[in-house]
Amino acid sequence: MTTCSNCGAEIPSGEEVKLIGRGGYTTTFIVCRNCESKWQDELDEETRDPNIAGAVLFGLGASIISIFVWSLLTLLTNYQLGIIAVGVGWIIARAVVLGAGNKRGKILQVMSIGLTLITMAISQDLVRHYYVDLVVSAQGINGIPLLLPLPDMFSIVVDSLAEDPVTVLFWAIAIFEAFKIPARRRLHKAKI
Ligand SMILES: [Zn+2]
């Protein structure tokens, strides 16, 4: 007779559910059907009725903070810290999940990815603007727009990424986090 590793109930033979722990190929544990369906319900509930307004609000907040921090750090250190991009994807996705009321799902994934991309593009553009400004003001010319139109911004970002493959990697990780963190969660069952 097996007992449930969650509630301790005895499980009739043949009704054991073997679950794989998070991130784990090593950890498996046996639970009863009640615990399985309770957890499944909780995970399903995570994708129900996300608070979209809250997600947008929190996501934008995280975005603005990220732009500020990234631009400031880059200007202070005089170095484009691609690794900060990783933090940008993480903080925005977390904020979106939190703002949605601890919800997950496709809409929140799309929102996180979009906000992450826009945030990183704006940050790079602000930094570019700062340096262009230095040069331009030294030459006595004015009138460079603070932010370029989005298509121009993205083409600048694409150009600078092409010159710097390591940054591409950081961007990829950031986008992966924005995709992964708000993703719907499932129980991973193993064959008994
Ligand atoms: Zn149980």
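Adding 45 to a residue's 1-based position in the sequence shown gives its number in the numbering used here.
All residues carry an ideal CB built from backbone N, CA and C; glycine is no exception.
1. Beta-carbon within less than 6 angstroms of G146's beta-carbon, same chain only, minus the 5 sequence neighbours each way: which residues are those?
2. Would you please state the rounded distance, in angstroms, between the beta carbons of L88 and A235? I believe it to be under 8 angstroms.
3. Starting from E55, follow its DSSP beta bridges and name the residues at the other end.
4. Contact between the region 164 to 176 and the region 112 to 124 is defined here as three or more beta-carbon pairs at a separation below 8 angstroms; is this criterion met?
5. Quick check: M165 and G104, are their CB atoms within less than 8 angstroms of each other?
6. Let me check understanding here. Comparing Cα to Cα, which of N79, K83, C80, V62 lies closest to I73?
7. When the distance is taken between beta carbons, is S111 closer than 8 angstroms to I137?
8. Relative to the C-alpha of H233, which candidate in V213, R67, G53 has its C-alpha closest?
9. Report back the beta-carbon spacing between P227 and G134 to the nearest angstrom; my notes put them in contact at under 8 angstroms.
10. Can you tell me which residues fall inside 6 angstroms of ligand 1, judged by beta-carbon distance to its nearest heavy atom, and keep chain order?
From the atom records:
1. If the five residues before and after G146 are omitted, its C-beta is found closer than 6 angstroms to the C-beta atoms of N96, all from its own chain and listed in chain order.
2. At roughly 17 angstroms, the Cβ-Cβ gap does not stay under 8 angstroms, so L88 and A235 are not in contact.
3. In DSSP, E55 forms a bridge with T48.
4. These segments touch.
5. Contact: no.
6. Per the sequence shown, residue 73 should be read as Thr rather than Ile. With distances taken between Cα atoms, T73 lies closest to V62.
7. Yes; because the gap between Cβ atoms is below 8 angstroms, this pair is in contact.
8. It is R67.
9. Contact flag wrong, Cβ pair sits at about 11 angstroms.
10. Taken from the N-terminal end onward, the list reads C49, N51, C52, A54, V76, C77, N79, C80.
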